[in-house]
């Protein structure tokens with residue numbers, strides 16, 4: 084194994100990386116940390132530097148080769164140094180310093196998206212990252228985080244996205260009113276997902292309404308969507324609860340809604356729910 088080049092926890096590189104744990108520093112530098120082989124592999128096109136322990140370098144040589152091929156500096160570091168840069172309890176021996184990659188909202192609108200997830204006042208980074216992952220899996224065209232939502236570059240959000248942060252356009256800091264008006268002007272029907280909705284998801288499917296371009300608004304984990312936000316939407320739609328569960332959590336509800344739209348949009352002649360007769 085190669086002798087690590089970076090051994091001191093007081094190195095300016097280590098100090099700069101640790102500062103990125105705070106949102107203010109991430110915003111100032113427009114950089115964030117990605118941890119683990121999966122995230123570093125997905126982030127290659129956006130990397131500034133990669134740090135790996137000798138053991139991790141041997142196990143993930145193809146990732147480091149891809150980084151070098153993209154002219155990204157790769158430095159060998161001790162276990163302690165990589166752990167200091169990491170946010171996890173059990174680091175995987177490889178971290179990357181990555182550039183911000185959010186897309187201007189106007190570019191997303193110009194592409195006339197068919198399916199968009201809008202996160203309004205979502206504060207939990209794990210939920211935000213998971214919804215981003217669900218949107219990616221459902222084939223959504225973009226994710227929009229409003230100005231009151233969590234930073235998608237929060238380490239927990241990045242990990243929860245499991246690489247999906249790098250797969251689709253993400254707009255950050257968009258006022259919810261602008262998000263709704265812009266997406267509507269771009270041809271999308273705007274639906275607010277809320278347990279108190281007058282319409283339910285089965286009805287939307289039964290009536291063949293989900294095949295059109297759609298933007299789903301998902302709200303805060305604890306208190307959902309405020310009335311002012313619900314009033315902006317074309318419809319407020321609930322996921323029907325057929326069993327005894329009180330409710331669905333944010334990420335689960337988002338997955339159900341996004342996949343319902345994805346299925347309807349891909350069906351040659353529309354789509355009906357499994358409960359229709």
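In our numbering, the protein residues as written are 84 to 360. All C-beta atoms, glycine included, are put in the ideal place defined by N, C-alpha and C.
Sorting 182, 93, 188 and 157 by C-alpha distance to the C-alpha of residue 241 places 182 at the top. Per DSSP, residue 247 has no beta bridge partner at all.
Spatial neighbours of residue 342 in its own chain (CB-CB distance under 6 Å, excluding positions within 5 residues in sequence) are listed in chain order as 221. When secondary structure is reduced to three states using DSSP, residue 110 falls in the helix class.
In the structure shown, residue 229 adopts extended strand secondary structure according to DSSP, grouped into three states. The straight-line gap separating the alpha-carbon atoms of residue 336 and residue 312 is approximately 18 Å.
The C-alpha of residue 271 is placed about 40 Å away from the C-alpha of residue 133. For residue 328, there is no enclosing alpha helix (DSSP H), as DSSP marks it with neither H nor E. Beta-carbon to beta-carbon, residue 164 and residue 301 are separated by about 38 Å, too far to satisfy the 8 Å threshold.
For residue 347, the closest of 243, 334 and 295 by C-alpha to C-alpha distance is 295.
By the Cβ neighbour-count rule, residue 196 is buried, with 16 or more other Cβ atoms within 10 Å of its own.
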